[in-house]
Amino acid sequence: MDIKIRNIVIFMVLFFACANADAQQNCEPTQSKKAQKILDKVYSAEKHTPDEIESMLREAVEEDDECLSCRFGLARIQYQIATNRNQGYAAALGNFDKVIKQCPVFHSDAFYYAGIISYGNQDYEMALEYFESFLTFDKELGKSSRDYEVKEQDVATVLPEIRFYVEFYANPVPFNPIRLNGINTAADEYLPMLSPDNELIFFTRKEMVKAKGDLYAREVESFMQAAVNADGSDFQNPQPLPPPFNIGDNYGGVSISLDNREMFVTVCKPVTSSYKNCDIYVTSYERKVEADGKVTYNWSGLENLGSNVNTEDGWEAQPTLSADGNELYFASVRENSTPDKDGNPTIDIYYTKRNGDGTWSPAKSIGGEINTGGNDKSPFLHVDSRTLYFSSNGRIGAGGYDIFFCKQAVDGSWSKPKNLGYPINSTQDEHGLVVSTDGKRAYFASSNVQSARGLDIFAFEVPQKARPEKVLLIKGEARNADGEIIAEARIELKYTKSKEVREVDVNKHDGTYAAVINLKKEEDVVVSVKSNTEELAFNTRVFTLADTANTVQTIDMAIDKITEGKTYRINDIRFKTGSSELNEESKRVLDEFADYLNENKTLKIEVGGHTDNVGDPVKNIVLSTDRAFEVFGYLQAAGVDGGRMIFKGYGETKPVVANDSEINRAKNRRTEFRITRL
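Going letter by letter, the sequence shown gives residues -23 to -1, 1 to 655 in mature numbering (1 follows the signal peptide of the UniProt record, and there is no 0).
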């Protein structure tokens, strides 16, 4: 690592002139006559080599162990010799430290050079102690060098870095990387990327391949995919992706959309024999109905994202897509990248936004809070769309590329990046990190872990401080009761506290959807299906922070059309046992139901209450009636005209399934509404 203190030219006259009488009066006893004689010889006009001076001062110290001027001079000449010859500084440090212990106010340079040596030895705690003593040195009591102010500035500049290292190494984070044996081989595996539902992993494998007829094996990069195993601990059966992948170019650095239907991939194509141009391409997982009626899915041909994203003579790679699919972050070297100290462009992180017509806006730098005069690359935007992980060698770290993370505020600004911690970050390069949707597990490629065989992919637990926000990924199908696709359907997410409303389109070809819910304390989310062309019956689900315990959930939404006389269940209406009191989650559902009824003002309904068969049948009729009335009253208080509604309790008389298990009894405990008039 770089020592950010200027190289100091040591002149012999400065070595010893400052170590003379002024300091002696404070705490140095009178030295022996022989030691003084040696000092006089060192200070004389007679020329001596550094080795001769060291020898003489060593003799003086042996003669008088308490001669501070002798030991201080010895330490400085040993420092000069070690610097000039690129040797160790142990002897110099030992003598500087003895001077400090014997007389802390003897000379400020004792602390200064002891600090430099400790810093170079990566002994950051001692470097901090020496440098802080140097900055607080009492120049009235002790001697200081003529260039004290210059050295003071040097120390003030490097002190924040040293304080970082003291904190960094004193507070290691848990790190127990587990090798993914299901996908790793003797070849190199790297650039992992998880699908948002965490069911697939994509990665690049590099190996030597000798095809039939070849004289020599050649290096081949294959783009691979593997599925998660049954218990979710590893991935299994990795296979090369079919065309348009793995047909001649180099592929790697991918990102996949929330519904696993759109993939962004880096493709490097040879321009000359020595140069490959890397650009970002997109492909879609397309549904096709074969002549025999069989439905198949295949990745479409790769399409270059165009000049708003890719540059003709630059390098664009390592894409990462936001959960809503509207922002794409990537690494790039281009003409306007942040210059290094020599004026050369570095790797920066850029982003682009998807326009309404599906094209991408001109890419912009993510900004100076993240991009540095070093290389900043391998961005990974978590599914929460707020937490960004990336690698950098342009900021204080353990060495090489370290992994950092930062958070995006509501106004779009990014927090100051934080180091992921030691020993995750080491003196080697760390990059290519991705994090699972639940935020608990990270994946990266490394050759530094003890069990690695070349570059392998590992998983480890993400430190608490670096975890993203809690989210819930819901996916499934939205169809009508006959299993048909609902025309122009969309999923609406309504946040009950902030009143934010987000919409996610349902795939028009197969009725599938995927959405991310950002759940926070006291912020429930009501999920419903809407359509611009069909009148749909009310059907919602409510999710709370507790639902994030199971981060990925499959929720199929079966939505009926509005039909007079038909009965529909209202999901997530719950009461306390034996009570008609609504809980807060149920109220959120009824708020949404009230909005639905107020939007469809011609509807008239019956609110029906139902119980299971536990308890007295008559009491169950009374209880279900009370509950139906409670719902009726809540809707009326929410603005629904009471003349449009009636209520009735059915008790246990209309079960939807047999009351033969707790699961089935829970299904029978329900609140429904029946359309009495359209």
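Don't be surprised by glycine CBs; every beta carbon is placed ideally from N, CA and C.
All values reported here derive from a predicted model rather than from experimental measurement.
- Comparing alpha carbon positions, the residue from 211, 304, 595, 450 closest to residue 232 is 304.
- Residue range 292 to 298 is occupied by the beta strand (DSSP E) that includes residue 298.
- Relative to residue 499, the option among 472, 515, 483 whose CA is nearest is 472.
- Approximately 21 Å separates the beta-carbon atoms of residue 586 and residue 540; this is outside 8 Å, ruling out the contact.
- Around the beta carbon of residue 247, a 10 Å sphere encloses fewer than 16 other beta carbons of the protein chains shown; the residue is thus reported as exposed.
- Note that the C-beta distance between residue 201 and residue 194 is not below 7 Å.
- Boundaries for residue 447: no alpha helix (DSSP H) harbours it, and the DSSP string shows neither H nor E there.
- By alpha-carbon distance to residue 135, the top candidate from 170, 399, 172, 95 is 95.
- As computed with DSSP, residue 466 is found in a beta bridge with 508.
- Annotation for residue 361: 445, 446, 448, 495 place their beta carbon closer than 7 Å to its own, counting only its chain and skipping 5 residues before and after.
- With contacts defined as CB atoms closer than 7 Å, residue 221 and residue 279 qualify as a contacting pair.
- For residue 46, the enclosing alpha helix (DSSP H) covers residues 45 to 62.
- Listed as beta-bridge partners of residue 103 by DSSP are no residues whatsoever.
- Using a Cβ-Cβ distance cut-off of 8 Å, the region 452 to 466 and the region 535 to 555 are in contact, since at least three pairs of beta carbons, one from each stretch, lie closer than that value.
- Only residues of its own chain outside the window of five on either side were considered, and among them 150, 398 have a CB closer than 6 Å to the CB of residue 440, listed in chain order.
- Counting only unbroken stretches of 3 or more residues, the beta strand (DSSP E) elements lying wholly within the region 214 to 298 are 227 to 233, 239 to 247, 253 to 266, 272 to 276, 292 to 298, in sequence order.
- DSSP places residue 654 in the uninterrupted beta strand (DSSP E) bounded by 647 to 654.
- Per DSSP, residue 387 is not a residue of any alpha helix (DSSP H), being assigned neither H nor E.
- Counted as a single uninterrupted DSSP element, the beta strand (DSSP E) harbouring residue 356 occupies residues 353 to 358.
- Contact fails between the region 323 to 330 and the region 375 to 385, because fewer than three Cβ pairs, one in each stretch, are under 8 Å apart.
- Sixteen is the threshold: since fewer than 16 other Cβ atoms of the shown chains lie within 10 Å of the Cβ of residue 428, the residue is exposed.
- The C-alpha of residue 104 lies about 42 Å from the C-alpha of residue 291.
- Cβ contact annotation for residue 555 (same chain, cutoff 6 Å, sequence separation greater than five): none.
- CA-CA distance, residue 223 to residue 217, rounds to 7 Å.
- C-alpha of residue 191 to C-alpha of residue 412: approximately 41 Å in a straight line.
- Take residue 631, set aside five residues on each side of it, and the residues of its chain with a beta-carbon closer than 7 Å to its own are 587, in chain order.
- Beta-bridge partners assigned by DSSP to residue 33: none are found.
- A distance of 7 Å or more separates the beta carbons of residue 343 and residue 169.
- In its chain, beyond the 5 residues on either side, 85 have a beta carbon closer than 6 Å to the beta carbon of residue 121.
- Residue 626 has 586 as its beta-bridge partners, per DSSP.
- Nearest C-alpha to residue 262 among 245, 239, 254: 239.
- Under the three-state reduction of DSSP, residue 135 is assigned to helix.
- Taken in chain order, the unbroken stretches of alpha helix (DSSP H) that lie wholly in the region 104 to 192 and span 4 residues or more are 125 to 147.
- Boundaries around residue 602 are those of the alpha helix (DSSP H), 594 to 614, since no beta strand (DSSP E) includes it.
- With a contact defined as Cβ atoms closer than 8 Å, residue 132 and residue 118 miss out at about 19 Å.
- Note on the region 361 to 421: whole beta strand (DSSP E) runs with a minimum of 3 residues are 364 to 369, 379 to 384, in chain order.
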